[in-house]
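Trainee: Protein chains in written order, with numbering that gives the first Met the number 0: chain R, 0 to 357; chain C, 0 to 357. Heads up, the beta-carbon is just placed ideally off N, CA and C, and yes, glycines get one too.
Protein chains: 2
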Amino acid sequence: MICNNRQMKKFITTLALMSVATLSQATTLVPTKPKEVFPSPNEIVAAAPANEWVAIAASDLLVMDLAPDAKGKARRVVIQLMPAPFSQGWVGNIRKLAAAKWWDGLAIVRVQDNYVAQWGDPDGEDAVKAKKLPAGLVTVPESAYLTPFTEGTIKFKTGKNSFSLIEEFSKDFPRNLEDNHVIVYSDSYKNYTAFSRSFPISFKGQLTTEPTNNYRVTPTTVWPIHCYGMVGVGRNMSPDTGTGAELYTVIGHAPRHLDRNIALVGRVIEGIEHLSSLPRGTGALGFYEKPEERTAITSVRIGQSISDLPAYEYLSTESATFSKYADARANRRDPFFIQPAGGADICNIPVPVRRVKK
Amino acid sequence: MICNNRQMKKFITTLALMSVATLSQATTLVPTKPKEVFPSPNEIVAAAPANEWVAIAASDLLVMDLAPDAKGKARRVVIQLMPAPFSQGWVGNIRKLAAAKWWDGLAIVRVQDNYVAQWGDPDGEDAVKAKKLPAGLVTVPESAYLTPFTEGTIKFKTGKNSFSLIEEFSKDFPRNLEDNHVIVYSDSYKNYTAFSRSFPISFKGQLTTEPTNNYRVTPTTVWPIHCYGMVGVGRNMSPDTGTGAELYTVIGHAPRHLDRNIALVGRVIEGIEHLSSLPRGTGALGFYEKPEERTAITSVRIGQSISDLPAYEYLSTESATFSKYADARANRRDPFFIQPAGGADICNIPVPVRRVKK
Chain R
0 MICNNRQMKK FITTLALMSV ATLSQATTLV PTKPKEVFPS PNEIVAAAPA
50 NEWVAIAASD LLVMDLAPDA KGKARRVVIQ LMPAPFSQGW VGNIRKLAAA
100 KWWDGLAIVR VQDNYVAQWG DPDGEDAVKA KKLPAGLVTV PESAYLTPFT
150 EGTIKFKTGK NSFSLIEEFS KDFPRNLEDN HVIVYSDSYK NYTAFSRSFP
200 ISFKGQLTTE PTNNYRVTPT TVWPIHCYGM VGVGRNMSPD TGTGAELYTV
250 IGHAPRHLDR NIALVGRVIE GIEHLSSLPR GTGALGFYEK PEERTAITSV
300 RIGQSISDLP AYEYLSTESA TFSKYADARA NRRDPFFIQP AGGADICNIP
350 VPVRRVKK
Chain C
0 MICNNRQMKK FITTLALMSV ATLSQATTLV PTKPKEVFPS PNEIVAAAPA
50 NEWVAIAASD LLVMDLAPDA KGKARRVVIQ LMPAPFSQGW VGNIRKLAAA
100 KWWDGLAIVR VQDNYVAQWG DPDGEDAVKA KKLPAGLVTV PESAYLTPFT
150 EGTIKFKTGK NSFSLIEEFS KDFPRNLEDN HVIVYSDSYK NYTAFSRSFP
200 ISFKGQLTTE PTNNYRVTPT TVWPIHCYGM VGVGRNMSPD TGTGAELYTV
250 IGHAPRHLDR NIALVGRVIE GIEHLSSLPR GTGALGFYEK PEERTAITSV
300 RIGQSISDLP AYEYLSTESA TFSKYADARA NRRDPFFIQP AGGADICNIP
350 VPVRRVKK
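1) On the DSSP letters alone, give me the boundaries of the beta strand (DSSP E) that S195 of chain C sits inside.
2) Cα-Cα, which of C:K357, C:C346, C:T240 and C:Y311 is closest to L61 of chain C?
3) In chain order, what residues of the same chain have a beta carbon less than 8 Å from the beta carbon of E51 of chain C, not counting five sequence neighbours either side?
4) If you draw a straight line from the C-alpha of E272 of chain R to the C-alpha of C346 of chain C, how long is it?
5) Which same chain residues, not among the five before or five after E167 of chain C, have their C-beta less than 6 Å away from its C-beta?
6) Tell me, please, whether the CB atom of I200 of chain R is closer than 7 Å to any CB atom in chain C?
7) With G119 of chain R as the anchor, note down where its alpha helix (DSSP H) starts and where it stops.
8) Measuring alpha carbon to alpha carbon, tell me which of R:V267, R:S187, R:L277 and R:K289 ends up nearest A66 of chain R.
9) At least one CB of chain C closer than 7 Å to the CB of Y247 of chain R: is that the case?
10) Taking Q79 of chain R as the reference, which of R:G231, R:A126 and R:Y188 has the closest Cα?
11) Starting from S275 of chain R, follow the alpha helix (DSSP H) in both directions and report where the run begins and ends.
12) Beta carbons nearer than 8 Å to chain R: which residues of the segment 252 to 281 of chain C have them?
13) Strictly under 7 Å for the Cβ-Cβ distance: is L112 of chain C near chain R by that measure?
14) Could you name the residues that DSSP lists as bridge partners for Q79 of chain R?
15) Once DSSP output is grouped into helix, strand and coil, what is the label at Y144 of chain C?
16) Please report the distance separating the alpha-carbon of V221 of chain C from that of L136 of chain R.
17) Using CA atoms only, rank isn't needed, just tell me which of C:Q111, C:L132 and C:V53 is closest to D120 of chain C.
18) If you draw a straight line from the C-alpha of L14 of chain R to the C-alpha of R331 of chain R, how long is it?
19) Indicate whether at least one CB of chain C lies closer than 7 Å to the CB of Q338 of chain R.
20) Please list, in chain order, all residues of the same chain as K357 of chain C whose beta carbon is under 8 Å from its beta carbon, the five residues on each side excluded.
21) Going along the chain, which residues of its own chain have a beta-carbon closer than 6 Å to the beta-carbon of S187 of chain R, five neighbours each way excluded?
22) Are G285 of chain R and V108 of chain R close, meaning C-beta to C-beta below 7 Å?
23) On the DSSP bridge list, what partners appear for W102 of chain C?
24) Check whether the segment 289 to 300 of chain R and the segment 95 to 106 of chain R are in contact - that is, three or more C-beta pairs closer than 8 Å.
25) Would I55 of chain R pass as a contact of G243 of chain R if the rule is Cβ separation under 7 Å?
26) Consult DSSP for S39 of chain C and reduce its assignment to one of helix, strand or coil.
27) Once the 5 residues before and after T281 of chain R are set aside, which same chain residues still bring their CB inside 7 Å of it?
28) Exposed or buried, K323 of chain C, counting other C-beta atoms within 10 Å across all chains shown (16 or more means buried)?
29) Under 7 Å, Cβ to Cβ, is there at least one residue of chain C near R353 of chain R?
30) Strictly under 7 Å for the Cβ-Cβ distance: is D326 of chain R near chain C by that measure?
31) In angstroms with no decimal places, state the Cα-to-Cα distance between G342 of chain R and T192 of chain R.
32) Is S237 of chain C close to chain R, meaning its C-beta is less than 7 Å from at least one C-beta of that chain?
33) What alpha helix (DSSP H) runs, 4 residues minimum, are completely inside the segment 252 to 332 of chain C?
34) On the three-state DSSP scale, how would you describe R74 of chain C?
35) Got a sec? Which residues, its chain only, sit under 6 Å from K358 of chain R by beta carbon, not counting five neighbours each side?
36) So, at 6 Å on beta carbons, what are the nonlocal neighbours of F198 of chain R in its own chain, with the 5 sequence-adjacent residues on each side left out?
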């Protein structure tokens, strides 16, 4: 299979570089070689065994219901809260805010194209009109944007078979051949990226070269990263870190410059289109200029208090299927594609999430 | 300035890693050192001299007017067509299609969240109902997804001062110190990226190490890449390459796996919100299931035939200001930020475009 992949890849590369005339010749010359059909990333995910899917506890879901749309259709946004050890101070605040029904009656206040949709108190900056926050919220220090790496807290592993084509292309692809699964690789942001508990993270660490051209990374600090759909905590100027009352989600190309500058507290797993397709605000930073432009929030609750909520599962990012899926995202060989990319940035490998019957 | 940048950066890094108590102490200990204020990327662009802005010819604009929105507001999308040497076969077809008013009365047929908005003939797949294409369209070969590099066609340059912080982080950052401006760096997709004539491109090439830890890249082939807002040509299965009649624009995280697999023919420079904020289609791949869900296209014309079209300019990606802007995108030091990223992927460095008075 691997051998065939490589043969196919070479064949495709050659084809793509040929002129039309030569291409026709090549097609004529190889009619007896049947074209191998590779599954798409979605087909790979669909074939995952049940034990590779991980249930998301309803207690880890934040469910935001918006006012119905112009046609009366319900709009529900389901957010998976960030697991420990990340951002737990803010996540605790968010649980308190939801328990106090704090967001009910507030609104989506800002939608900036290719950036974020943000919600909270439209009068939050007005000392007189601002809605009073519930008691018990903690002030989280900036140091909590980073999580120290402690052995056993987060595992970084790289598959022997995943990203095999990257292996050919890049000598600086860090890998640890003792383990399996989970991608660890470097990107334009000059740190390493991986998945931890299904969330995209980045980390600094010491790269060491091992025998036979292998590499190992020992992380020091770790932080979650701003991919599409990630949910973060609006804040004022440093050293303010935000309470969690003002939240946003990414609706454009990953704004990775926000990493380590703002807390990330979760990701939208369903209904992001109710935020990403809202009209863009015409004020500075995409804030709505008129109150009537805002979309009202009907309620925000933690999942276990909602009786009609489906159950959700994510595909374990440490599973064999995820490795295959990530490899296929990085090297599309399903029939539409003629040239595998040879790599992928972590935000172009969205973690599969599905509804399941309770 | 460079020295101060580095001191500031170190100070900020240290701060971010400290506990709250230590952080307060540090603030107390350095009250006499005034905090240097760095301009934001937008402020850098606003200060660019007039001669760094490049006029976009109206003949290189494709202007799509959609039916007014529910409130009667006009919706205009302005696309800058890809300059030579890229994709000119398809661009020529698009000029012919616009001259024939081919898109008038057609529609936005597909909006898939975090992916693309696509327009063309809703009956395009129906041999009987499909709208007849104008005469004279050419069939472009797949080989045209790639452009051979010929000296003088495309210049790759890297600034001495831009990305100075990346220089500290990454030994594998390729640079050519004889030249100035324009970013050349590697990313997760295992090729080099840069700007050419203001468009984001990627290329393969030979990396050579030069004295004093410098690097040089000699490109072989070059291709445009799928950043947010880029416009591409829908096609059927290979070897079909599309005519240009079916177009899409990227409305999510850069789908770089499409690079070299589909032709890119331009980018939206104004009005992308009229596409990115459309309701998502609920059919497979985000296609609309009912005709009434589609947004009608009133007209598509080349810019010089539109009397009320403003003039547009882009900031030269070979200008000194662009280097500073790109550096600031990669290393945010304006007041909101506490931790510069240390890098940026090319799709997180959007090229500034502005309207100007005629």
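Mentor: A quick look at the data gives this:
1) For S195 of chain C, the enclosing beta strand (DSSP E) starts and ends at Y191 to S195.
2) Comparing Cα positions, the closest option is C:Y311.
3) Cβ within range, chain order: L314, S315, S318, A319, T320 and F321.
4) One C-alpha to the other measures close to 22 Å.
5) Reliability fails at E167 of chain C, whose pLDDT of 27 lies under 50, so the model's placement of it is uncertain and the value that follows must be treated cautiously. Cβ within range, chain order: n/a, list empty.
6) I200 of chain R does not count as touching chain C.
7) Not the alpha helix (DSSP H): G119 of chain R falls in the beta strand (DSSP E), residues V115 to G119.
8) The candidate whose alpha carbon is nearest that of A66 of chain R is R:L277.
9) Not one chain C Cβ lies under 7 Å of Y247 of chain R.
10) Considering only alpha carbons, the answer is R:G231.
11) That run of the alpha helix (DSSP H) goes E272 to S275.
12) Within the segment 252 to 281 of chain C, the residues whose Cβ lies closer than 8 Å to some Cβ of chain R are H252, A253, P254, R255, H256, D258, R259, N260, I271, E272, S275, S276, L277, P278 and R279, listed in chain order.
13) What sits at residue 112 of chain C in the sequence shown is Asp, not Leu. It does; some Cβ of chain R falls within 7 Å.
14) Answer by DSSP bridge pairing, in chain order: R:L60 and R:R266.
15) Y144 of chain C falls in the helix class under three-state DSSP.
16) Going from the Cα of V221 of chain C to the Cα of L136 of chain R covers about 53 Å.
17) If we check each option's Cα against that of D120 of chain C, C:L132 comes out closest.
18) Residue confidence is low: L14 of chain R scores 25 on pLDDT, short of 50, so the model does not pin down where it sits. Its coordinate-derived value is still stated next. Those two C-alpha atoms are separated by around 16 Å.
19) Chain C, which has a Cβ nearer than 7 Å to the Cβ of Q338 of chain R, makes this yes.
20) Around K357 of chain C, the same chain offers P309 and A310 as residues with beta carbons nearer than 8 Å, after the five sequence neighbours per side are excluded.
21) If we look at S187 of chain R and ignore the five residues flanking it on each side, it has no Cβ neighbours.
22) If you check the CB distance, G285 of chain R and V108 of chain R do not come in under 7 Å.
23) W102 of chain C is not bridged to any residue.
24) The answer is yes - the segment 95 to 106 of chain R touches the segment 289 to 300 of chain R, with three or more Cβ pairs under 8 Å.
25) Taking a C-beta distance under 7 Å as the contact criterion, I55 of chain R and G243 of chain R do not qualify as a contact pair.
26) Coil.
27) Excluding sequence neighbours, T281 of chain R sits near E288.
28) Result: buried.
29) No, because no Cβ of chain C sits closer than 7 Å to the Cβ of R353 of chain R.
30) Output row for D326 of chain R: interface = no.
31) If I take the Cα positions, the gap works out to 13 Å.
32) Yes - at least one Cβ of chain R is within 7 Å of the one on S237 of chain C.
33) List check, alpha helix (DSSP H) in window: 272 to 275 and 319 to 329.
34) Taken through DSSP and simplified to helix, strand or coil, R74 of chain C comes out as strand.
35) The requested residue 358 of chain R is not part of the displayed model; chain R covers only 0 to 357.
36) Hits under 6 Å: P223.
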